[in-house]
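Trainee: Residue numbers (numbering that gives the first Met the number 0), protein chains in the order written: chain E, 0 to 187; chain Y, 0 to 187.
One structure, pasted below without further comment.
There are 2 protein chains.
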Amino acid sequence: MNEMTTKERIVEAADRLFYERGYEGCSFADIANVVGISRGNFYYHFKTKDEILEDVILVRLTNTEQLLEMWEAQGSRPDARIQSFIRIVVTNQSKIMRYGCPAGTLCTELAKLDHISQYEANKVLTLFRTWLCQQFKLLGRKDDADELAMHVLAFSQGIAVLAHAFHDKQFIEKEVDRMCKWLEEIKG
Amino acid sequence: MNEMTTKERIVEAADRLFYERGYEGCSFADIANVVGISRGNFYYHFKTKDEILEDVILVRLTNTEQLLEMWEAQGSRPDARIQSFIRIVVTNQSKIMRYGCPAGTLCTELAKLDHISQYEANKVLTLFRTWLCQQFKLLGRKDDADELAMHVLAFSQGIAVLAHAFHDKQFIEKEVDRMCKWLEEIKG
DNA sequence: GTCTATACCTGGATAGAC
DNA sequence: GTCTATCCAGGTATAGAC
Chain E
0 MNEMTTKERI
10 VEAADRLFYE
20 RGYEGCSFAD
30 IANVVGISRG
40 NFYYHFKTKD
50 EILEDVILVR
60 LTNTEQLLEM
70 WEAQGSRPDA
80 RIQSFIRIVV
90 TNQSKIMRYG
100 CPAGTLCTEL
110 AKLDHISQYE
120 ANKVLTLFRT
130 WLCQQFKLLG
140 RKDDADELAM
150 HVLAFSQGIA
160 VLAHAFHDKQ
170 FIEKEVDRMC
180 KWLEEIKG
Chain Y
0 MNEMTTKERI
10 VEAADRLFYE
20 RGYEGCSFAD
30 IANVVGISRG
40 NFYYHFKTKD
50 EILEDVILVR
60 LTNTEQLLEM
70 WEAQGSRPDA
80 RIQSFIRIVV
90 TNQSKIMRYG
100 CPAGTLCTEL
110 AKLDHISQYE
120 ANKVLTLFRT
130 WLCQQFKLLG
140 RKDDADELAM
150 HVLAFSQGIA
160 VLAHAFHDKQ
170 FIEKEVDRMC
180 KWLEEIKG
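Right, dumping it as structure tokens:
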């Protein structure tokens, strides 16, 4: 029995809609339509829209942690794990072409709005960063592990922005190939 | 005598504010405050907010063309010109750390809003793309010039997103160094 | 817990005086 | 060409019935 509480259903819908339309571009009415509740009912579960965003970010942090654990379990060697990250833009290519990177676009939007939760949102990127840093350290890169992690992260953000703007699938694949070759050189 | 018409002053203010706060995050009242006119006066010059955006994009396209012409005049060799582009994230680092890339963030926002002008906004990126493509062709890269152009463009977008989120200046410089080395290898 | 009704505000847009 | 006054839609948030 997949028993989700109304609160969880609100957060799930908001997670999707904030991604697809942006935080400001998505209203209570939009979420209410998806969840199938009235607008007034929101305020039993959340005091403000910002509170919904906080919960959405927490859910994304949890999901990201699980994803990283999965990659760690699947790939015994650190370079295979890094490759899992690099290939995420291929795995999620259709969504990325339509809506960009969930983490990157949220951080960009919240930073422009000077929103209270902008640093919370950044934590999703930080999660990837520190995890990638660990993997590079395991690859024997003591001094520049974090720099390499940021390089890989920047790579994926760059792809996402351009794939989103130009809706170009082949571009994603070419860039991923290029990055995988780079990774080969790095570890060698 | 620097005689700017009211219309030009509106577009100039909107250009800056759309960049700093985003298109939706910036209201008529905000622009009116900066320009020093009343809200009602807008509608003598523009019918809608979207029309202001159109003019802002046109101005940005013109400014970008001028920038590219300047780089072409300054650097006689194509690799020097490409380097001018790569170094733009260092040149504009303080603004990028605060507001991200003007072109990239606008395209991202408009794409999420499914805004009519999203393809107009993309043209700024396309301008850089085709120019970079030309330079790579001049470097003798016949077959993969556009691919390399997109790679450089993606690089700068990736930097901008992360520099914006993390406000990290050193990161920008390290990545630019890395990219310049890459360019050296490419042309050699 | 969920609903309806409604308050209140902001933001884009219009009308008409000057 | 610029202003003030005003309208209207939409969005967040509240009150209170059920």
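Even for Gly, the Cβ is constructed at its ideal location relative to N, Cα and C.
The model shown is predicted, which means the values in this text are computed figures rather than measured ones.
Using 8 Å as the Cβ pair cut-off and three pairs as the minimum, do the region 172–186 of chain E and the region 78–85 of chain E touch?
Mentor: A contact exists between the region 172–186 of chain E and the region 78–85 of chain E.
Trainee: Anything in chain Y within Cβ reach of E/L152, meaning under 7 Å, just list it in chain order.
Mentor: Along the first sequence, read from residue 1 onward, the residue named residue 152 of chain E stands at position 153. L161, listed in chain order.
Trainee: Give the secondary structure of Y/K180 by DSSP, where H, G and I count as helix, E and B as strand, and everything else as coil.
Mentor: The residue given as residue 180 of chain Y occupies position 181 in the second sequence. Three-state result, Y/K180: helix.
Trainee: Give the C-beta separation of Y/N121 and Y/C106 to the nearest angstrom, bearing in mind that I take them to be a contact with Cβ-Cβ under 8 Å.
Mentor: Here residue 121 of chain Y is taken as the residue at index 122 of the second sequence, counted from 1. Here residue 106 of chain Y is taken as the residue at index 107 of the second sequence, counted from 1. Their Cβ separation, rounded to whole angstroms, is 6 Å, which keeps Y/N121 and Y/C106 in contact under 8 Å.
Trainee: Expressed to the nearest angstrom, what Euclidean distance is found between the alpha-carbon atoms of Y/D78 and E/L52?
Mentor: Locating residue 78 of chain Y in the second sequence gives position 79, counting from the first residue. Locating residue 52 of chain E in the first sequence gives position 53, counting from the first residue. Answer to the nearest angstrom: the Cα atoms are 45 Å apart.
Trainee: At the 8 Å Cβ level, is Y/F170 part of the contact set with chain E, yes or no?
Mentor: Translated into the one-based positions of the second sequence, residue 170 of chain Y becomes position 171. Yes, contact with chain E.
Trainee: Between the region 152–161 of chain Y and the region 150–168 of chain E, do at least 3 Cβ pairs fall closer than 8 Å?
Mentor: The region 152–161 of chain Y vs the region 150–168 of chain E: in contact.
Trainee: Show which residues of chain E have a CB atom less than 8 Å away from the CB atom of Y/R177.
Mentor: Within the second sequence, the letter at position 178 stands for residue 177 of chain Y. Those within 8 Å of Y/R177 in chain E are H150.
Trainee: Would you kindly work out how many angstroms separate the C-alpha atoms of Y/E174 and Y/M69, rounded to a whole number?
Mentor: Counting from 1 along the second sequence, the entry for residue 174 of chain Y is found at position 175. Counting from 1 along the second sequence, the entry for residue 69 of chain Y is found at position 70. One C-alpha to the other measures close to 24 Å.
Trainee: Using a Cβ-Cβ distance under 8 Å, would Y/K180 count as near chain E?
Mentor: Position 181 of the second sequence, counted from the start, is the residue given in the question as residue 180 of chain Y. With 8 Å as the cut-off, Y/K180 does not count as an interface residue toward chain E.
Trainee: Which whole-angstrom value is the C-beta distance of Y/Y18 and Y/Y98, which I expect to be below 8 Å?
Mentor: Here residue 18 of chain Y corresponds to residue number 19 of the second sequence, with the count starting at 1. Here residue 98 of chain Y corresponds to residue number 99 of the second sequence, with the count starting at 1. Contact flag correct, Cβ pair sits at about 6 Å.
Trainee: What residue does the alpha helix (DSSP H) around E/I158 start on, and which one ends it?
Mentor: Position 159 of the first sequence, counting from 1, holds the residue named residue 158 of chain E. E/I158 -> alpha helix (DSSP H) spans A144 to F165.
Trainee: May I have the straight-line CA-CA distance separating Y/S37 from Y/H114, to the nearest angstrom?
Mentor: Translated into the one-based positions of the second sequence, residue 37 of chain Y becomes position 38. Translated into the one-based positions of the second sequence, residue 114 of chain Y becomes position 115. When rounded, the distance between both Cα atoms is 26 Å.
Trainee: Using 10 angstroms around the beta-carbon of E/H166, count the other beta-carbons present and answer buried if the total reaches 16, otherwise exposed.
Mentor: Locating residue 166 of chain E in the first sequence gives position 167, where the first residue counts as 1. Counting Cβ neighbours within 10 Å, E/H166 comes out exposed, since fewer than 16 surround it.
Trainee: Any idea what DSSP makes of E/F45, helix, strand or coil?
Mentor: Within the first sequence, numbered from 1, the residue matching residue 45 of chain E stands at position 46. Three-state DSSP puts E/F45 in coil, outside helix and strand.
Trainee: How long is the line joining the alpha carbons of Y/T61 and Y/F127, rounded to whole angstroms?
Mentor: Here residue 61 of chain Y refers to the residue found at position 62 when the second sequence is read from its first residue. Here residue 127 of chain Y refers to the residue found at position 128 when the second sequence is read from its first residue. The straight-line gap from Cα to Cα measures roughly 12 Å.
Trainee: Identify the continuous alpha helix (DSSP H) that holds Y/Y22 and give its terminal residues.
Mentor: On the second sequence, residue 22 of chain Y is found 23 positions in, with the first residue counted as 1. Element bounds for Y/Y22: n/a, residue is neither H nor E.
Trainee: With C-beta atoms as the reference, is Y/R20 less than 8 Å away from E/K111?
Mentor: Within the second sequence, the letter at position 21 stands for residue 20 of chain Y. Within the first sequence, the letter at position 112 stands for residue 111 of chain E. Yes, they are a contact pair.
Trainee: Run through DSSP, which three-state label would Y/D173 get?
Mentor: As a position in the second sequence, residue 173 of chain Y is number 174, starting the count at 1. It is worth fixing the name first, because residue 173 of chain Y is Lys in this sequence and not Asp. In this structure, Y/K173 counts as helix in the three-state DSSP scheme.
Trainee: What three-state label does DSSP hand E/S37 in the structure shown?
Mentor: Translated into positions along the first sequence, residue 37 of chain E becomes position 38. In the structure shown, E/S37 sits in coil (DSSP, three-state: anything other than H, G, I, E or B).
Trainee: Between Y/F135 and chain E, is the shortest Cβ-Cβ distance under 8 Å, so that the two count as touching?
Mentor: Here residue 135 of chain Y corresponds to residue number 136 of the second sequence, with the count starting at 1. Not closer than 8 Å to any Cβ of chain E, the Cβ of Y/F135 fails to qualify, so no.
Trainee: Any residues in the region 78–100 of chain E with a beta carbon nearer than 9 Å to a beta carbon of chain Y? Which ones, in chain order?
Mentor: If the cut-off is 9 Å between Cβ atoms, the region 78–100 of chain E has R97, Y98, G99 and C100 near chain Y.
Trainee: How long is the line joining the alpha carbons of E/T125 and E/H163, rounded to whole angstroms?
Mentor: As a first step, residue 125 of chain E must be located in the first sequence, where it is residue number 126. As a first step, residue 163 of chain E must be located in the first sequence, where it is residue number 164. Going by the C-alpha atoms only, they are around 22 Å apart.
Trainee: Scan the region 73–103 of chain Y and note each continuous beta strand (DSSP E) run of 3 residues or more that stays entirely inside, going in chain order.
Mentor: With a minimum length of 3 residues, no continuous beta strand (DSSP E) run stays inside the region 73–103 of chain Y.
Trainee: Can you tell me whether DSSP reads E/E11 as helix, strand or coil?
Mentor: Start at 1 with the first residue of the first sequence, and residue 11 of chain E comes out as number 12. E/E11: helix per DSSP, three-state reduction.
Trainee: Quick test of your reading: E/I185 and E/V88, contact by CB under 8 Å. State the CB separation rounded to the nearest angstrom.
Mentor: For the purposes of this step, residue 185 of chain E is taken as residue 186 along the first sequence, with counting starting at 1. For the purposes of this step, residue 88 of chain E is taken as residue 89 along the first sequence, with counting starting at 1. No, E/I185 and E/V88 are not in contact; Cβ-Cβ is about 18 Å, not under 8 Å.
Trainee: Could you tell me which chain Y residues have their CB closer than 7 Å to the CB of E/I158, listed as they occur along the chain?
Mentor: By 1-based counting over the first sequence, the position of residue 158 of chain E is 159. Within 7 Å Cβ-Cβ: A153.
Trainee: Note down, in chain order, every chain E residue with its Cβ under 7 Å from the Cβ of Y/G103.
Mentor: Along the second sequence, one-based indexing puts residue 103 of chain Y at 104. Within chain E, the residues near Y/G103 are V160.
Trainee: Run the CB neighbour count on Y/M3, radius 10 Å, all protein chains shown included, and call it buried at 16 or more, exposed below.
Mentor: Locating residue 3 of chain Y in the second sequence gives position 4, where the first residue counts as 1. That one is exposed.
Trainee: Since Y/R128 is in the alpha helix (DSSP H), which residue starts that stretch and which ends it?
Mentor: Translated into the one-based positions of the second sequence, residue 128 of chain Y becomes position 129. Note, Y/R128: alpha helix (DSSP H), Q117 to L137.
Trainee: Any chance the CB of E/K186 is under 7 Å from a heavy atom of the ligand COA?
Mentor: Questions concerning the ligand COA fall outside what the structure shown contains, since it holds no ligand whatsoever.
Trainee: Note down the Cα distance separating E/S93 from E/A12, rounded to an integer number of angstroms.
Mentor: To locate residue 93 of chain E, count along the first sequence from 1; it is residue 94. To locate residue 12 of chain E, count along the first sequence from 1; it is residue 13. Straight-line Cα distance between these residues: approximately 19 Å.
Trainee: Can you tell me whether DSSP reads E/D113 as helix, strand or coil?
Mentor: The residue labelled residue 113 of chain E in the question sits at position 114 within the first sequence. E/D113 falls in the coil class under three-state DSSP.
Trainee: Could you check what DSSP says for E/E186 in three-state terms: helix, strand or coil?
Mentor: Here residue 186 of chain E corresponds to residue number 187 of the first sequence, with the count starting at 1. One point to set straight first is that residue 186 of chain E is Lys, not Glu, in the sequence displayed. In this structure, E/K186 counts as helix in the three-state DSSP scheme.
Trainee: Look at the alpha carbon of E/Q134 and the alpha carbon of Y/S116, and state the distance between them as a whole number of angstroms.
Mentor: Indexing the first sequence from 1 puts residue 134 of chain E at position 135. Indexing the second sequence from 1 puts residue 116 of chain Y at position 117. Near 42 Å, if we compare the C-alpha coordinates of Y/S116 and E/Q134.
Trainee: Taking all protein chains shown into account, do 16 or more other C-beta atoms lie within 10 angstroms of the C-beta of Y/E23, making it buried, or fewer, making it exposed?
Mentor: Taking the first residue of the second sequence as 1, we reach residue 23 of chain Y at position 24. By the neighbour-count rule (16 or more Cβ atoms within 10 Å), Y/E23 is buried.
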